[in-house]
Each structure stands twice: as C-alpha cells, then as structure tokens.
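Residue numbers (my numbering): 4 to 232.
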Ligand SMILES: Nc1ncnc2c1ncn2[C@@H]1O[C@H](COP(=O)(O)OP(=O)(O)OP(=O)(O)O)[C@@H](O)[C@H]1O
Ligand SMILES: [Mg+2]
C-alpha cells in the first residue's frame, strides 16, 4: 500500500544542513497498523509527512496504492491525496468554522455539492459520535471531541490510508483510550494506518508492525507480537 524508496529530507539550521530523514526505505502492506517510534527529533513526523508529500523528499520515491506520488503534477497530487487522510497531535481544526464546516471542508475543496457534502458530513459525525455538536465551534469542544472531528474530516474522502502523528499525546489517558478504540474501528473498516507515537503502550495495543527511528534512519521494522523485544 505504501512504499518509500530511499527517501531523504534535510533542513537548513543556521549555517548547517540537518539530515532529518536519511535514505529511508519502508514497505507498509495494506491492512497494517504500522507504528513509528523513536526519540524526539528522530525524524518521525518528517517521514510521516513525506507519505502524502506534505513534506517533499529531496531524493527518493514515494508510492501509495501503487501510484508514484513523487512524479505527479500538482492537480494529480491533489487527487491522489484524497485517498490519504491525516490527523495530528493538536487536531488542526479551523477555528472559525463549525464542526460541520470542518468535517466537510475536504469535499468543499474538491467541489462536491452541498447536499452530498451535508449527507456525508452527517454520516461521519454520526460515526464518531458527535452529530449533536455539528453547529458548534472547535473552541467549545474537549480535546477528545476535537480529535473525533479531525478523524471525521480525515475520513470524509474515504481514504485507503490514514496517517496519524501522535494522535493521542495531547489527551488524558481515558480519552486517549477511546480515540484508539475509534482508530481500531477505522482500521477494521479497511483503512491502512501509519501512526507516529512515542508511547510503547500504544504500539503494543494498536500496531501490527513497528519501525524504530534514530537520527533519520530506520533501525528496525518488525511485526509487533512476534519479534519486537
Ligand atoms: N521545517 C523544518 N525546518 C527546519 N528543521 C526542521 C523542520 N522540520 C523538522 N526539522 C528538524 O528535523 C529533525 C526531525 O524533526 P521531526 O519533526 O521529524 O522529528 P520527530 O521525530 O517527529 O520529533 P518529535 O518526537 O519531537 O515530534 C529535527 O531536528 C527538527 O528540528
Ligand atoms: Mg514529531
């Protein structure tokens, strides 16, 4: 489902170049929940963001669903990105839009008409258990509710892949747990998940596979239950 081939990304920091991701090759099969672990600054978020080209690699190739993203035109890339949802630690909701407005935004941007958008939005809000909040603004929601809205927004284009960057790190334990359960349901509905986390317990509970990163490289990739120590 996802294939990263020798991808690299560096950043300028002061007078020097920092190699955030260094020639990483990674294969993620359809149906995996693939965890990415590693210390702060290891390059996890940069690597995750290269899967949908939010971060463009300096070198290397990115394939999702058999399609090479790194060669697409801007409009073809926009189209391809509809099959890749993403959620973040701090939710990234738009403050001046209602819950409904946030969830429907990807469809709006791709020109889907209002009646269909509303129907899909309600379907997704029901799925994440927040239909009654549809007219509220993000500021009036709890952290867990905000992440549910973000998940609904990420799923509205029926993606095959969901990228999650520390999706529960800003939440208390119980709320985090309910978000992880929701992500398990998303996975069971046929979505391949890639999840960055610094919590080993999240890997154990959620993931089928794990990759451990250090200094921009993947040290090891393994099935979680079988050989990850
Ligand atoms: N836009 C940027 N400009 C400059 N440097 C960056 C940029 N994005 C990331 N970096 C640097 O690249 C390295 C890897 O960053 P990244 O955010 O991928 O790490 P991470 O593993 O996700 O860390 P954390 O666990 O703290 O989120 C870090 O040294 C970071 O400072
Ligand atoms: Mg990060």
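No residue lacks a Cβ here, since even glycine has one placed at the ideal position from N, Cα and C.
Identity of the residue in the options nearest residue i by Cα
| i | options | result |
| --- | --- | --- |
| residue 216 | 39, 15, 206 and 182 | 39 |
| residue 28 | 204, 18, 128 and 222 | 222 |
| residue 178 | 61, 148 and 142 | 148 |
| residue 208 | 186, 224, 194 and 195 | 186 |
| residue 194 | 67, 228, 82 and 93 | 67 |
| residue 74 | 55, 85 and 92 | 55 |
Nearest-angstrom Cα separation, counted from residue j out to residue i
| i | j | result |
| --- | --- | --- |
| residue 31 | residue 164 | 10 Å |
| residue 12 | residue 49 | 8 Å |
| residue 218 | residue 176 | 29 Å |
| residue 110 | residue 190 | 22 Å |
| residue 90 | residue 156 | 9 Å |
| residue 106 | residue 199 | 23 Å |
| residue 6 | residue 65 | 6 Å |
| residue 188 | residue 196 | 11 Å |
| residue 124 | residue 133 | 11 Å |
| residue 87 | residue 153 | 14 Å |
| residue 98 | residue 115 | 22 Å |
| residue 231 | residue 9 | Since pLDDT at residue 231 reaches only 45, below the 50 mark, its modelled position is unreliable, and the value read off the structure follows with that caveat. Their Cα atoms are separated by approximately 23 Å. |
| residue 127 | residue 158 | 8 Å |
| residue 233 | residue 161 | The requested residue 233 is not part of the displayed model; the chain covers only 4 to 232. |
| residue 70 | residue 59 | 16 Å |
| residue 119 | residue 203 | 41 Å |
| residue 24 | residue 181 | 32 Å |
| residue 113 | residue 26 | 33 Å |
| residue 16 | residue 129 | 45 Å |
Which of helix, strand or coil DSSP assigns to residue i
| i | result |
| --- | --- |
| residue 60 | coil |
| residue 189 | helix |
| residue 230 | Low per-residue confidence applies at residue 230: pLDDT is 45, beneath 50, and the placement is therefore not dependable, though the value from the model is reported in the following sentence. Reduced to three states, the DSSP call for residue 230 is coil. |
| residue 148 | helix |
| residue 215 | strand |
| residue 225 | strand |
| residue 164 | strand |
Neighbour-count burial assignment, residue i, 16 or more Cβ in a 10 Å radius
| i | result |
| --- | --- |
| residue 170 | buried |
| residue 103 | buried |
Query raised in the report: Can you list, in chain order, the stretches of the beta strand (DSSP E) that have 3 or more residues and sit fully within the segment 39-97?
Result: 62-67 and 87-90
Query raised in the report: Under a criterion of Cβ closer than 5 Å to any non-hydrogen atom of ligand 4, which residues qualify, in chain order?
Result: Looking at this structure, you won't find ligand 4 anywhere; what it does contain is ligand 1 and ligand 2.
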